[in-house]
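In this note's numbering, the protein residues as written are 412 to 1061.
(1) Please confirm whether residue 772 and residue 736 have their CB atoms less than 8 Å apart.
(2) Between residue 891 and residue 977, is the Cβ-Cβ spacing less than 8 Å?
(3) Considering only the alpha carbon of each residue, which of 1011, 510, 662 lies closest to residue 897?
(4) Only counting the same chain, and skipping five residues up and downstream in sequence, which positions put a Cβ closer than 8 Å to that of residue 470?
(5) Going by CA-CA distance only, name the one from 980, 917, 609, 472 that's closest to residue 524.
(6) In chain order, what are the residue ranges of uninterrupted beta strand (DSSP E) at least 3 long that sit wholly in the segment 710-784?
(7) Distance, Cα to Cα, residue 640 vs residue 1025?
(8) Where residue 768 and residue 833 are concerned, what is the direct C-alpha to C-alpha distance, given to the nearest angstrom?
(9) Are residue 499 and residue 519 closer than 8 Å when you measure CB to CB?
(10) Who pairs with residue 879 in a beta bridge, going by DSSP?
(11) Going by CA-CA distance only, name the one from 517, 666, 968 that's closest to residue 699.
(12) Helix, strand or coil for residue 662? Go by DSSP, reduced to three states.
(13) Could you tell me the distance, in whole angstroms, from the CA atom of residue 791 to the CA atom of residue 445?
(14) Of the choices 1043, 937, 983, whose alpha-carbon is the least far from that of residue 993?
(15) On a CA-only basis, which of 861, 764, 738, 711 is nearest residue 717? Give me that one, please.
(16) If you draw a straight line from the alpha carbon of residue 528 to that of residue 694, how long is it in whole angstroms?
(17) Nearest chain B C-beta to residue 912 closer than 8 Å, yes or no?
(18) Do you know offhand how far residue 997's Cα is from residue 935's?
(19) State yes or no: is the C-beta of residue 503 within less than 8 Å of the C-beta of residue 816?
(20) Could you pull out every residue in the same chain whose Cβ sits closer than 7 Å to the Cβ of residue 1052, ignoring the five residues on either side in sequence?
(21) How many whole angstroms separate the CB atoms of residue 912 and residue 808, which I take to be in contact at a CB cut-off of 8 Å?
(22) By Cβ distance, which residues of its chain are closer than 6 Å to residue 570, with the 5 residues on each side in sequence left out?
(23) Would you check if the distance between the CB atom of residue 740 and the CB atom of residue 707 is smaller than 8 Å?
(24) Say whether the segment 530-547 touches the segment 574-593, bearing in mind that this needs 3 or more beta-carbon pairs closer than 8 Å, one atom from each stretch.
(25) From the DSSP output, in three-state form, read off residue 985 for me.
(26) At the level of alpha carbons, what is the spacing between residue 753 and residue 863?
(27) For residue 664, is the classification buried or exposed, using 16 other Cβ atoms within 10 angstroms of its Cβ as the cut-off for buried?
(28) Hey, could you find the ends of the alpha helix (DSSP H) residue 708 is sitting in?
(29) If we ignore side chains and look at the alpha-carbon of each, how far apart do residue 894 and residue 705 end up?
(30) Kindly identify the DSSP beta-bridge partner or partners of residue 1035.
(31) By the DSSP assignment, the alpha helix (DSSP H) with residue 1051 in it spans what residues?
(32) What is the rounded straight-line gap between the Cα of residue 456 and the Cα of residue 680?
(33) Do you know whose CA, among 584, 449, 573, lies nearest residue 616's CA?
(34) Less than 8 Å between the C-beta atoms of residue 873 and residue 837, yes or no?
(35) Based on DSSP bridge pairs, tell me the residues matched to residue 557.
(36) Express the C-alpha separation of residue 999 and residue 642 in angstroms, rounding to a whole number.
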């Protein structure tokens, strides 16, 4: 599982641009609760696509059906389970999953003039025709020659159609191709062998379809669990906010003016106390660039055993907007194409009542409209309150990290440093990047978990300027010589097991390894704990521009870094010196991936290893002097990690 189930926590931001806990919390008295993130092991919806019946016995729906406005007869994309490609432009979000989102304005881009994209389906499915949609710019990047192939196992491929000499005369142009005969496979692949002369390859949409007629739409809004949003600005596609599933809502408001559908989701029995809170995440999709944002005219609702509804009781969210579908829509606090947090104090308006059902409401006074979105992490339970002992504990350094090159929202990385410190120390999710060092969720793994590839030294002023004078450390619990490949050494974790403060960063990985760091000015202490008898540290850098010398005899290393981005004018060499509190039992340089000069490892004979590290722009000797001046030889990790102004004894 990728989350803790049960009692919810009180969160502090509607835009989930950072971690979920901003300070130590003290739990309120236990109250009855309910939680579901729609994972297969969670409570599942009691009802799917089912409208609530009002006190008069009539369905609470009018002028809305379940059509999503973009259904194509025979479209098989609803059966997709995975989309992979030979290459993707991940930094700009131009990834293969965009080919399935029915939005020509998004695209897949590869860094070569040839490439392939592959669809995996839940079951063998017939295809009789397919269509390609050209992307937004540079016609020379359009596919010219290609094969559509099918496979039963994803290994052995059969050519179904072949095209040569194709071109697109317009941007966002659809071109449809009929197969010579129907084909039924569980895997389909478009292999592009030539583009129209450019160095890159791009495509906006790849539609696979058969001749089955589109089913009639549901007579009300649709609400059902699925694999989450196809696209989005910074989230992992086809996943919930946490986990792999979410509740999908959508439909078409056919009525002029008012239209609504109040769908029931869960049957529950939860008494409301003074401390009961409702919280959930919601992802309203921007459909057809409709700037009235009808997908935000949505809220969760509660039906009580006395026949009343939360949306009628004047409940508000954390911003004071009415917790009703119209209240959320007019409040304009929900952002499209990204996950938003909503939470509400139920004790203020419903204390003493008992919740009988959880609903999802759509109610829009200004139709017609097409709407679509997802809900995740539905929780009823005790709110929690935060208490901090120092102002720096109010700071969450992962805030602003849910951004990328095409969606600037914060553009931060979790810098752990003293005020005006010489160095930044940071967790790194992409150890090969000198710009976007830490992405909060966009680069999550197949289980929708983030993973670190390094604990890094950084001097990056912004991702647009790029990094310089870097160094990387990564723990490994592997037996023998660890694999230092960035993907192989990456360790997944849950954000709830991450603490990100200005003076301290710590994380417990899913395999039981923990990593902690706390800074001085030119120096830092790091502490790594291992669950077994295999304890190694891998040393690396963004590129091979540097040097590393391991000295097992003295439990130390030296090195230098010449790494710098193209906008690092004046950046000189940085020198590094580090010592370890445990004896080294093995170690060597680790060649590979073009970083022979900067990559190596040391193995230790202890389950906890503390590293003291310092830097200098002058020399290794000066780095040693900085370490001696800033971290006393007998200083403990705890004494160094104290917030500034609280008696730091380093």
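All residues carry an ideal CB built from backbone N, CA and C; glycine is no exception.
Once the coordinates are examined:
(1) yes
(2) no
(3) 1011
(4) 462, 463, 464, 631
(5) 609
(6) 751-756
(7) 44 Å
(8) 55 Å
(9) yes
(10) 975
(11) 517
(12) strand
(13) 5 Å
(14) 937
(15) 764
(16) 27 Å
(17) Here there is only one protein chain, and chain B is not present.
(18) 24 Å
(19) yes
(20) 914, 915, 929
(21) 7 Å
(22) 558, 560
(23) yes
(24) yes
(25) strand
(26) 28 Å
(27) buried
(28) Where residue 708 is concerned, there is no enclosing alpha helix (DSSP H), given that its DSSP letter is neither H nor E.
(29) 49 Å
(30) In DSSP, residue 1035 forms no bridge with anything.
(31) 1048-1052
(32) 14 Å
(33) 584
(34) no
(35) 574, 603
(36) 43 Å
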